[in-house]
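In the numbering used here, the protein residues as written are 7 to 293.
In structure tokens form, the structure reads like this:
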């Protein structure tokens, strides 16, 4: 591996200096490059090629645990430690998730509903509890607001809406999509913060009309809705922070593709045993 590292860095540093730093001889390196590659080297080269492909396909967000799962799914037999070692040698790094930022000032609102969720973020069945939240996306045309509904069972985004206005229509549109996708249900806990959009009469009426149970975080307790906030952290780290959206329409298309194509159907979720939300629900369809 030392000679492989020297070979990969030879364009940026003197070979003899690299050899000295790694405590190997330059003659040994030149002997190494003159030999045909061993079976281990051939395997490593094949693995690195696949690692790069999977890393790019994940929008450069996957680390060694998720990359290893992709390799196993493709028929490779490889340990996580080996994947991590190859990624370090090739300087293939995942984007680091950032801590979420609180976007709602709940201290200035009154509590229209109790906290029915009580930070129970793990559910045994689909449609036991949904969580909702909103965030903002910067574009050159101004702010674009995004509201989402997530099923805690599979972490799948089942409803979303985007608008130039952060109002009750935005959150109602996201809820309407979730209801349309999941069908007629009764008794689902729908949890949010205490923002004015969620406390509005029109939003609460929509919940009541569909026999859904309104639940809201306690004042000043942003961690009561931590799972929804965590999704926004992933969205911004894995997509938005690297973009310079010229228009709101451009941002809408990009976020749509992230949610519906990448996050729901492709992205391996550590909480779900490194499968996507869609695959998790399909594998547990009997529930």
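Glycine included, C-beta positions come from ideal geometry on N, C-alpha and C.
Tell me, please, whether the segment 176-187 touches the segment 141-160 by the rule of three or more beta-carbon pairs shorter than 8 Å.
Counting Cβ pairs under 8 Å, three or more are found: they touch.
Would you mind working out which of 292, 262, 251 sits nearest residue 147, comparing C-alpha positions?
Translated into positions along the chain shown, residue 147 becomes position 141. With distances taken between Cα atoms, residue 147 lies closest to 251.
Limits of the alpha helix (DSSP H) - the one that residue 60 falls within
For the purposes of this step, residue 60 is identified with residue 54 of the chain shown, where counting begins at 1. Looking at the DSSP string, the run of the alpha helix (DSSP H) that includes residue 60 is 45-63.
Whether residue 222 touches residue 202 by CB criterion (7 Å)
For this step, residue 222 is matched to residue 216 along the chain shown. For this step, residue 202 is matched to residue 196 along the chain shown. No, the Cβ-Cβ distance between residue 222 and residue 202 is not below 7 Å.
Between the CA atoms of residue 257 and residue 11 - distance to the nearest angstrom
Within the chain shown, residue 11 is the residue found at index 5, counting from 1. Within the chain shown, residue 257 is the residue found at index 251, counting from 1. Going from the Cα of residue 11 to the Cα of residue 257 covers about 40 Å.
Going by the CB atoms, is the gap between residue 65 and residue 294 shorter than 7 Å?
Residue 294 is absent from the structure shown; the chain starts at 7 and stops at 293.
Taking the alpha carbon of residue 75 as the point to measure from, which residue in 275, 289, 287, 292 has its own alpha carbon closest?
Reading the chain shown from its first residue, position 69 is the one you call residue 75. In this structure, 275 is the residue among 275, 289, 287, 292 with its C-alpha nearest to the C-alpha of residue 75.
What do you get for residue 53, buried or exposed, if any count of 16 or more other CB atoms within 10 angstroms of its CB means buried?
Stepping through the chain shown from its first residue, residue 53 is reached at position 47. When all chains shown are included, residue 53 counts as buried.
Considering just the uninterrupted stretch of the alpha helix (DSSP H) at residue 95, what are its terminal residues?
Against the chain shown, residue 95 aligns to sequence position 89. Looking at the DSSP string, the run of the alpha helix (DSSP H) that includes residue 95 is 86-95.
Entirely enclosed alpha helix (DSSP H) segments - the segment 205-260, minimum 4 residues:
207-215, 232-244, all fully within the segment 205-260.
I want to know whether the segment 118-130 touches the segment 204-223 - three or more CB-CB distances under 8 Å.
Taking 8 Å as the limit for Cβ pairs, the verdict is that the segment 204-223 does touch the segment 118-130.
Between residue 204 and chain B, is there a C-beta pair that is closer than 7 Å?
Absent here is chain B; the protein component of the structure consists of one chain.
For residue 277, collect the residues of the same chain with a Cβ closer than 7 Å to its Cβ; drop the 5 residues on either side in sequence, then sort them by chain order.
Position 271 of the chain shown, counted from the start, is the residue given in the question as residue 277. If we look at residue 277 and ignore the five residues flanking it on each side, its Cβ neighbours are 161.
Beta strand (DSSP E) runs contained entirely in the segment 124-156, provided each spans 3 or more residues:
135-145, all fully within the segment 124-156.
Take residue 174 and list the residues in its own chain whose beta-carbon comes closer than 7 Å to its own, dropping the five residues that flank it on each side.
As a position in the chain shown, residue 174 is number 168, starting the count at 1. Sequence-distant Cβ neighbours of residue 174 in its own chain, meaning closer than 7 Å and more than five residues away, are 203, 206, 208, 209.
Provide the residue(s) that pair with residue 195 in DSSP beta bridges, ordered along the chain.
Here residue 195 refers to the residue found at position 189 of the chain shown. In the DSSP assignment, residue 195 is bridged to 135, 219.
Our contact map puts residue 35 next to residue 21 with C-beta atoms below 8 Å; I'd like the distance itself, whole angstroms only.
Sequence index remark: in the chain shown, residue 35 carries index 29 (1-based). Sequence index remark: in the chain shown, residue 21 carries index 15 (1-based). Contact check for residue 35 and residue 21: beta-carbon distance about 6 Å, within the 8 Å limit, so the pair qualifies.
Which same chain residues end up closer than 6 Å to residue 73 when comparing Cβ atoms and leaving out the 5 residues on each side of it in sequence?
Within the chain shown, residue 73 is the residue found at index 67, counting from 1. The beta carbon of residue 73 sits closer than 6 Å to the beta carbons of 57, 60, 89 from its chain, once the five residues preceding and following it are set aside; these are given in chain order.
In or out: residue 120 buried (at least 16 other Cβ within 10 Å) or exposed?
Translated into the one-based positions of the chain shown, residue 120 becomes position 114. It is exposed - the Cβ of residue 120 has fewer than 16 other Cβ atoms within 10 Å.
Identify every residue that forms a DSSP beta bridge with residue 162.
Taking the chain shown and counting its residues from 1, the one referred to as residue 162 is at position 156. Looking at the DSSP assignment, residue 162 forms a beta bridge with 157.
Taking all protein chains shown into account, decide if residue 141 is buried (16 or more other Cβ within 10 angstroms of its Cβ) or exposed.
Within the chain shown, the letter at position 135 stands for residue 141. Counting the other Cβ atoms within 10 Å of the Cβ of residue 141 gives 16 or more, which makes it buried.
Using 8 Å for Cβ pairs, my map puts residue 176 next to residue 196. What's the rounded Cβ distance?
Counting from 1 along the chain shown, the entry for residue 176 is found at position 170. Counting from 1 along the chain shown, the entry for residue 196 is found at position 190. Actually they are not in contact, since the Cβ atoms of residue 176 and residue 196 sit about 15 Å apart, beyond 8 Å.
Roughly how many whole angstroms lie between the Cα atoms of residue 86 and residue 44?
In the chain shown, residue 86 corresponds to position 80, counting from 1. In the chain shown, residue 44 corresponds to position 38, counting from 1. The straight-line gap from Cα to Cα measures roughly 22 Å.
Comparing alpha-carbon positions, which option in 180, 145, 98, 95 lies nearest residue 137?
Locating residue 137 in the chain shown gives position 131, counting from the first residue. Looking at the Cα atoms, 180 is the closest of the given residues.
Compute the distance between the beta-carbons of residue 168 and residue 191, then report whether it is under 7 Å.
Indexing the chain shown from 1 puts residue 168 at position 162. Indexing the chain shown from 1 puts residue 191 at position 185. Not a contact, by the Cβ cut-off of 7 Å.
Measuring straight from C-alpha to C-alpha, what distance separates residue 273 and residue 281?
The residue labelled residue 273 in the question sits at position 267 within the chain shown. The residue labelled residue 281 in the question sits at position 275 within the chain shown. Counting only the Cα atoms, residue 281 lies some 7 Å from residue 273.
State the beta-bridge partners of residue 169 as determined by DSSP.
Reading the chain shown from its first residue, position 163 is the one you call residue 169. According to DSSP, which records beta bridges pairwise, residue 169 is partnered with 151.
Collapsed DSSP secondary structure at residue 13 in the structure displayed
Within the chain shown, the letter at position 7 stands for residue 13. DSSP places residue 13 in helix when its eight states are reduced to three.
For residue 166 and residue 107, the rounded distance between their alpha carbons
Numbered from its first residue, the chain shown carries residue 107 at position 101. Numbered from its first residue, the chain shown carries residue 166 at position 160. With a pLDDT of only 49 at residue 107, under the threshold of 50, the placement of this residue in the model should not be trusted; the figure read from the coordinates follows. Rounded to the nearest angstrom, the gap between the Cα atoms of residue 107 and residue 166 is 19 Å.
Would the beta-carbon of residue 271 fall within 7 Å of that of residue 284?
Sequence index remark: in the chain shown, residue 271 carries index 265 (1-based). Sequence index remark: in the chain shown, residue 284 carries index 278 (1-based). Between residue 271 and residue 284, the C-beta gap is smaller than 7 Å, which places the two residues in contact.
Under the assumption that residue 139 contacts residue 238 (Cβ atoms under 8 Å), give the Cβ distance between them as a whole number of angstroms.
Translated into the one-based positions of the chain shown, residue 139 becomes position 133. Translated into the one-based positions of the chain shown, residue 238 becomes position 232. Indeed they touch by this definition, with Cβ atoms about 7 Å apart.
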